[in-house]
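Taken in order, these protein sequences are the chains called F, P and Y. If you're matching positions, the first sequence starts at 602 in the numbering used here and goes up one per residue. If you're matching positions, the second sequence starts at 85 in the numbering used here and goes up one per residue. If you're matching positions, the third sequence starts at 11 in the numbering used here and goes up one per residue. C-beta: ideal position from N, C-alpha, C; glycine also. Bear in mind the structure is a predicted one, so any value in this text is a computation, not a measurement. Presented below is the structure to which this report refers.
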Amino acid sequence: MAEVQLINLTKRFGRRVLAVDHIHLTVKDREFLVLLGPSGCGKTTTLRMIAGLEEVSEGTILIDGEDVTYLPPRARNVSMVFQNYAVWPHMTVYENIAYPLRLKKVPRDEIDRRVKEVAELTKIAELLDRYPSQLSGGQQQRVALARAIAVKPKVFLMDEPLSNLDAKLRVHMRTELKAIHHQTQATTIFVTHDQSEAMSMADRIVVMREGRIEQVGTPEEVYEKSANMFVASFIGLPPTNFFYTEVRRENDALKLVHPYFTLTLSPEQAARLKDYTKSRLVLGVRPENLLLTTEDQALFSVEAMVVEPQGSHQIIAFQMDDQIVKIVAPAYPKVWPGERIHVTFRPERIRFFDPETQQAVGDEA
Amino acid sequence: MMGTKRARWFSPTLTPYLLVLPVLLYYAAFWLQPVVTVVIQSFRDPVTGAFTLNNFALVLQDKDFWPAFWNTFIIVSISVALEFVVALALSLLIYRRFWGSGIFFFLMLIPMALPPVATGAIWKTGLTAHGWLNSLLIHLGVLAEGKKIYWLGTPRTPKWQLLTLIILVDAWTVIPSVMVILVAGLQNLPREVIEAGYVFGGTYWRVLRDIILPMLRPTIQTAVVLRLISAIQIWLIIVLLFGFSRVPVLVERIVYYHEEVRGLDIAPAMTTGYTVIVAFIVSAAALLYLYLSGAFEGEKAS
Amino acid sequence: MMDPKIQYRLRKAARQMLLYLVVLTITLVIMTPVYFITVLSFLTTREAYEYPLPLYPTFTIRMKMERGKRGYLLSVWDRNEQAYVSVLDTDDADKMRVYMETYLGLKPSNEQVTEVMQKVDATGGQPVYFAWRRHILSNYATFFRVTRDAVPALIRSLQIAALTIAISLSIGGAAGYAFARYRFYGKNALKFSVLFVRMFPGVAIAIPMVIILARIGLYDRPAGLSLLYSVGVIGMTVWITASIFMAIPVSLEEAAMVFGATRLQAFLRITLPLAFPGLAAAAMYAFIGAWNETVAAIILTEFNPTFSVVVYQTLLGATGQVNLTAAGGMAMALPAVVFTFFIRRYIHQMWGGVTV
Numbered sequence: 602m603a604e605v606q607l608i609n610l611t612k613r614f615g616r617r618v619l620a621v622d623h624i625h626l627t628v629k630d631r632e633f634l635v636l637l638g639p640s641g642c643g644k645t646t647t648l649r650m651i652a653g654l655e656e657v658s659e660g661t662i663l664i665d666g667e668d669v670t671y672l673p674p675r676a677r678n679v680s681m682v683f684q685n686y687a688v689w690p691h692m693t694v695y696e697n698i699a700y701p702l703r704l705k706k707v708p709r710d711e712i713d714r715r716v717k718e719v720a721e722l723t724k725i726a727e728l729l730d731r732y733p734s735q736l737s738g739g740q741q742q743r744v745a746l747a748r749a750i751a752v753k754p755k756v757f758l759m760d761e762p763l764s765n766l767d768a769k770l771r772v773h774m775r776t777e778l779k780a781i782h783h784q785t786q787a788t789t790i791f792v793t794h795d796q797s798e799a800m801s802m803a804d805r806i807v808v809m810r811e812g813r814i815e816q817v818g819t820p821e822e823v824y825e826k827s828a829n830m831f832v833a834s835f836i837g838l839p840p841t842n843f844f845y846t847e848v849r850r851e852n853d854a855l856k857l858v859h860p861y862f863t864l865t866l867s868p869e870q871a872a873r874l875k876d877y878t879k880s881r882l883v884l885g886v887r888p889e890n891l892l893l894t895t896e897d898q899a900l901f902s903v904e905a906m907v908v909e910p911q912g913s914h915q916i917i918a919f920q921m922d923d924q925i926v927k928i929v930a931p932a933y934p935k936v937w938p939g940e941r942i943h944v945t946f947r948p949e950r951i952r953f954f955d956p957e958t959q960q961a962v963g964d965e966a
Numbered sequence: 085m086m087g088t089k090r091a092r093w094f095s096p097t098l099t100p101y102l103l104v105l106p107v108l109l110y111y112a113a114f115w116l117q118p119v120v121t122v123v124i125q126s127f128r129d130p131v132t133g134a135f136t137l138n139n140f141a142l143v144l145q146d147k148d149f150w151p152a153f154w155n156t157f158i159i160v161s162i163s164v165a166l167e168f169v170v171a172l173a174l175s176l177l178i179y180r181r182f183w184g185s186g187i188f189f190f191l192m193l194i195p196m197a198l199p200p201v202a203t204g205a206i207w208k209t210g211l212t213a214h215g216w217l218n219s220l221l222i223h224l225g226v227l228a229e230g231k232k233i234y235w236l237g238t239p240r241t242p243k244w245q246l247l248t249l250i251i252l253v254d255a256w257t258v259i260p261s262v263m264v265i266l267v268a269g270l271q272n273l274p275r276e277v278i279e280a281g282y283v284f285g286g287t288y289w290r291v292l293r294d295i296i297l298p299m300l301r302p303t304i305q306t307a308v309v310l311r312l313i314s315a316i317q318i319w320l321i322i323v324l325l326f327g328f329s330r331v332p333v334l335v336e337r338i339v340y341y342h343e344e345v346r347g348l349d350i351a352p353a354m355t356t357g358y359t360v361i362v363a364f365i366v367s368a369a370a371l372l373y374l375y376l377s378g379a380f381e382g383e384k385a386s
Numbered sequence: 011m012m013d014p015k016i017q018y019r020l021r022k023a024a025r026q027m028l029l030y031l032v033v034l035t036i037t038l039v040i041m042t043p044v045y046f047i048t049v050l051s052f053l054t055t056r057e058a059y060e061y062p063l064p065l066y067p068t069f070t071i072r073m074k075m076e077r078g079k080r081g082y083l084l085s086v087w088d089r090n091e092q093a094y095v096s097v098l099d100t101d102d103a104d105k106m107r108v109y110m111e112t113y114l115g116l117k118p119s120n121e122q123v124t125e126v127m128q129k130v131d132a133t134g135g136q137p138v139y140f141a142w143r144r145h146i147l148s149n150y151a152t153f154f155r156v157t158r159d160a161v162p163a164l165i166r167s168l169q170i171a172a173l174t175i176a177i178s179l180s181i182g183g184a185a186g187y188a189f190a191r192y193r194f195y196g197k198n199a200l201k202f203s204v205l206f207v208r209m210f211p212g213v214a215i216a217i218p219m220v221i222i223l224a225r226i227g228l229y230d231r232p233a234g235l236s237l238l239y240s241v242g243v244i245g246m247t248v249w250i251t252a253s254i255f256m257a258i259p260v261s262l263e264e265a266a267m268v269f270g271a272t273r274l275q276a277f278l279r280i281t282l283p284l285a286f287p288g289l290a291a292a293a294m295y296a297f298i299g300a301w302n303e304t305v306a307a308i309i310l311t312e313f314n315p316t317f318s319v320v321v322y323q324t325l326l327g328a329t330g331q332v333n334l335t336a337a338g339g340m341a342m343a344l345p346a347v348v349f350t351f352f353i354r355r356y357i358h359q360m361w362g363g364v365t366v
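This is the structure we're talking about:
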């Protein structure tokens with residue numbers, strides 16, 4: 602098992618396009634790391650550079666301290682699960698799993714033992730004689746997984762491996778992948794654009810945008826302590842609501858003035874913001890941190906526009922000027938469209954962002 | 085609804101058959117009918133119409149039959165193998181898109197698009213003693229001023245030299261088009277499947293042998309069988325370069341008896357005899373290749 | 011040990027070099043013969059008899075005229091010799107004009123020739139230098155003028171091609187649509203008919219077609235040939251059109267039908283216009299097939315040859331006059347190459363998809 606280090610890693614396509622922009626990242630031994638970001642953010646390119654399928658324009662890749670930047674894929678001791686499975690159509694399931702082992706000159710009986718073992722682990726033991734064309738998408742994905750596990754690589758690379766499966770199977774496979782990772786303890790780098798997939802599987806998440814890393818952290822960290830407005834809105838569904846406010850400083854107290862409300866911050870929040878001198882500040886409040894309350898305790902009152910019942914909870918949307926704000930509220934009491942609702946914030950869960958730099962401000966050190 | 089009433093002027097399940105029917109009728113009238121006609125004719129005496137094997141006997145006794153057969157055999161076996169190997173090697177070298185690949189692939193289509201008579205014009209004007217090939221060699225300084233090479237040979241030139249020349253000219257005409265087929269096939273292979281080969285420890289040669297070529301097999305079969313079929317029918321370029329009867333080949337014999345010596349009594353018998361024999365050889369060779377290359381098994385498996 | 015980065019860059023550069031070297035070599039090998047036939051088709055007859063042949067054509071003929079033994083001595087600039095070479099000594103203006111027309115590709119009138127002669131007289135026998143421009147297409151014009159049947163044959167070839175397009179596109183296009191939109195019994199078998207039909211050689215169909223066409227009165231007629239050519243072309247048309255129709259989503263037709271169109275209207279109003287570029291490609295493919303074909307045309311024509319047969323006959327009988335032969339070959343090649351340029355994308359696609 603191994604640690605992967607990316608130092609100043611950069612990928613240019615042609616002269617203009619900077620797909621990966623000088624990133625630094627250390628993947629710890631046995632870690633399940635997820636690269637998350639919208640399409641075109643450079644996450645797949647990063648993964649392919651680690652695999653050796655994409656030429657590195659600048660920077661260094663270390664696996665276990667060894668510089669592999671210019672080594673061919675076969676010399677890197679990594680294995681990969683591809684988005685489109687990429688199982689070899691002219692080989693049986695058994696041959697698919699055994700072929701990489703034969704390339705590595707593993708003895709025949711050892712190959713047989715390992716194939717059976719991983720087939721058991723990935724639950725395809727009874728499919729070993731079939732051809733990929735006779736398998737369902739989910740089964741092909743398991744074959745690809747079994748093939749990747751069998752070679753016992755230093756690092757597992759997974760390129761959106763679940764995105765071609767249907768919704769139900771995808772959720773099921775998350776659990777299974779996680780269980781397999783628990784068993785094999787292999788360092789894994791997993792690429793996805795699905796934030797809920799990332800949240801549910803990752804030890805740490807790397808949020809990427811336009812070739813840069815926006816934040817690295819555990820799922821809780823990126824969710825609760827989003828480093829900037831992009832992360833705050835990309836992670837979580839519905840996304841974080843943003844309120845643009847004027848800052849009023851009166852003695853030691855800090856007041857944030859919004860057309861719909863004025864919020865007085867607690868002394869400790871004010872203390873954390875004492876170095877912030879700009880006049881405008883963005884409040885980031887996650888939908889579940891907007892609370893329905895009684896009229897006298899409300900920060901502001903608005904008319905509910907749309908209500909989406911979700912069974913366990915309901916999502917209430919209302920309009921503030923041209924902005925739509927969403928609340929995740931308990932299923933009861935039921936709210937009806939057009940009903941006047943009274944809203945307040947869970948004060949300790951409010952996050953602050955600088956509207957110019959979009960970065961979070963006022964975090965504890 | 086009015087719409088449905090109007091639309092159902094025939095059963096929708098019948099529609100595909102009605103759409104396909106004209107093709108079938110056309111094939112029956114202008115493919116099957118001639119095929120049956122010529123096969124029947126070949127077993128009949130051209131004058132009396134009685135059943136006979138004489139037509140085939142005449143062909144087999146023709147002094148040019150075996151030379152034509154062996155010439156065709158040599159040209160086909162060498163040129164198909166050579167063209168395939170060269171085209172495969174080149175297509176593996178260039179199948180990635182590169183700067184200028186669009187125009188390059190068009191240039192490669194040119195020899196395929198050229199009408200056979202235009203190809204004939206190119207090589208006839210090129211290979212004669214005062215042709216452009218010798219001229220080019222003089223301009224390049226390879227040939228001394230005023231010297232010439234008799235590419236098309238003299239009456240005493242050994243036959244293998246003429247056959248070599250034919251094979252080379254044929255290769256010029258055909259290799260690019262085989263290459264285009266193979267490159268298209270390579271480009272259609274899913275990229276990730278090949279990359280998986282490299283990630284899981286394959287060198288270029290192992291990936292080529294174990295993954296790329298097996299996956300390319302259907303394309304290879306198509307390219308080779310089409311090549312085989314048309315290679316056996318080679319004749320025009322030979323006649324344009326050497327005239328009739330100098331290097332006899334099978335199809336050249338058909339045209340020879342049908343056009344050049346049509347006054348001869350045995351011409352009709354020879355024509356049908358040769359025709360059916362050539363047709364038999366072409367179909368047999370194509371089917372044999374498909375059988376040996378496992379194309380029929382593949383169909384059952386998938 | 012070398013720095014792995016430098017080693018990697020070197021290997022990559024070497025690979026690139028090899029790639030472009032191969033590409034360049036293939037291009038040269040393919041284009042050299044094409045280049046020379048083009049050059050030949052523009053040479054004057056005098057140049058065509060030179061050895062070595064010039065590497066490029068000229069369209070300005072530099073000449074010199076002076077007093078000769080028998081009258082006026084005409085000399086022409088020779089690129090190999092880098093000097094004026096005497097070619098004709100006569101006092102007959104008409105003779106000189108004919109020489110210029112036949113060997114130099116010029117088209118002067120007798121008056122123009124006489125004018126130069128008078129200039130020579132005026133200068134008292136001093137050489138007069140002059141240069142006349144030649145018409146670029148003079149060889150092509152000459153080819154069509156001197157070759158018997160060339161023009162009617164060209165027209166016939168165009169008729170045949172048009173008819174072949176009509177037959178194969180209507181019949182093959184219908185089947186292609188069925189392939190793209192329906193599942194039906196025998197679909198796979200029909201798919202391989204392309205190959206199957208080709209297994210029986212074209213000549214072997216052409217020979218009995220002599221009788222069959224004679225019976226229906228189409229022997230030695232353009233229509234007869236296009237009936238035969240369509241057999242080979244239809245299969246490919248089915249393939250091409252099927253892939254074109256498949257690329258147009260059924261949902262577009264269905265949307266039209268939801269809004270009240272019949273299936274036929276939906277096809278005519280929605281699918282057909284969208285398929286037009288692809289169908290044009292299929293038509294060009296049919297054109298090339300019919301235009302290029304030679305063997306069956308030789309067998310199935312008697313007094314009404316196609317253009318390819320005419321070129322074939324001039325080639326077979328050609329002795330010298332390579333420039334005219336080349337012009338014939340070029341006239342034959344040009345439409346096929348131009349159409350190939352337009353349909354190259356489809357050819358690519360098609361070959362990627364066609365498998366046994």
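Cut-off 8 Å between Cβ atoms - residues of its own chain near residue i, not counting five sequence neighbours on either side
{"i": "Y/Ile16", "result": "none"}
{"i": "F/Ser902", "result": "Glu896, Arg941, Ile942, His943 and Val944"}
Beta-carbon proximity list for residue i, same chain, < 6 Å, skipping 5 on both sides
{"i": "F/Val677", "result": "As written in the sequence, residue 677 of chain F is Arg, which differs from the Val given in the question. Counting only Cβ-Cβ distances below 6 Å, and skipping sequence neighbours, we find Gly653 and Val669."}
{"i": "Y/Gly288", "result": "Ile254"}
{"i": "Y/Tyr356", "result": "Ala291"}
Exposure label - residue i; buried when at least 16 CB within 10 Å
{"i": "P/His342", "result": "buried"}
{"i": "F/Gln915", "result": "buried"}
{"i": "F/Tyr933", "result": "exposed"}
{"i": "P/Leu102", "result": "exposed"}
{"i": "F/Phe791", "result": "buried"}
{"i": "F/Val694", "result": "buried"}
{"i": "F/Ser880", "result": "exposed"}
{"i": "Y/Ser85", "result": "buried"}
Chain-order list of residues whose beta-carbon lies under 7 Å from that of residue i (same chain, five-residue window excluded)
{"i": "Y/Ala292", "result": "Leu179, Thr247, Ile250 and Thr251"}
Heavy atom of the ligand COA within 7 Å of residue i beta-carbon
{"i": "Y/Gly135", "result": "This structure lacks the ligand COA, and indeed carries no ligand of any kind."}
Exercise. For the region 184-193 of chain Y against the region 239-252 of chain Y, are there 3 or more C-beta pairs whose distance is under 8 Å?
Worked result: yes
Problem set entry | Within the region 256-287 of chain Y, ranges of the alpha helix (DSSP H) (whole runs, at least 4 residues) | 260-268 and 273-276
Exercise. In the region 821-880 of chain F, which residue ranges form an unbroken beta strand (DSSP E) of at least 3 residues, counting only runs that do not cross its ends?
Worked result: Qualifying beta strand (DSSP E) stretches, in chain order: 842-851, 854-859 and 862-865.
Exercise. Touching or not, the region 310-317 of chain P and the region 154-165 of chain P, by the rule of three or more beta carbon pairs under 8 Å?
Worked result: yes
Exercise. Does the pairing of the region 227-236 of chain Y with the region 275-285 of chain Y give three or more beta-carbon distances under 8 Å?
Worked result: Touching, no.
Problem set entry | Positions along the region 271-300 of chain P whose CB lies within less than 8 Å of some CB in chain F | Pro274, Glu276, Val277, Glu279, Ala280, Gly281, Tyr282, Val283, Phe284, Gly285, Gly286, Thr287, Arg290, Asp294, Ile295, Pro298 and Met299
For this session: Output, in sequence order along the chain, the residues in the region 330-351 of chain P whose CB is closer than 8 Å to any CB in chain Y.
Result: Val335, Ile338, Val339, His342 and Glu343
Exercise. Which runs of the beta strand (DSSP E) spanning at least 3 residues fall entirely within the region 138-208 of chain Y, listed in chain order?
Worked result: 138-143
Exercise. Just by C-beta distance, which residues in the region 656-682 of chain F are closer than 8 Å to chain Y?
Worked result: Glu656, Asp668, Thr670, Tyr671 and Leu672
Exercise. In chain order, what residues of the region 953-964 of chain F put their CB closer than 9 Å to some CB of chain P?
Worked result: Those residues of the region 953-964 of chain F that come within reach of chain P (Cβ to Cβ, closer than 9 Å) do not exist; the list is empty.
Problem set entry | Residue ranges of each beta strand (DSSP E) within the region 295-352 of chain P, 3 or longer | Entirely contained in the region 295-352 of chain P, not one beta strand (DSSP E) run reaches 3 residues.
For this session: Tell me the start and end of each unbroken beta strand (DSSP E) in the region 205-260 of chain Y that is at least 3 residues and wholly inside, in chain order.
Result: None, since the region 205-260 of chain Y contains no complete beta strand (DSSP E) of that length.
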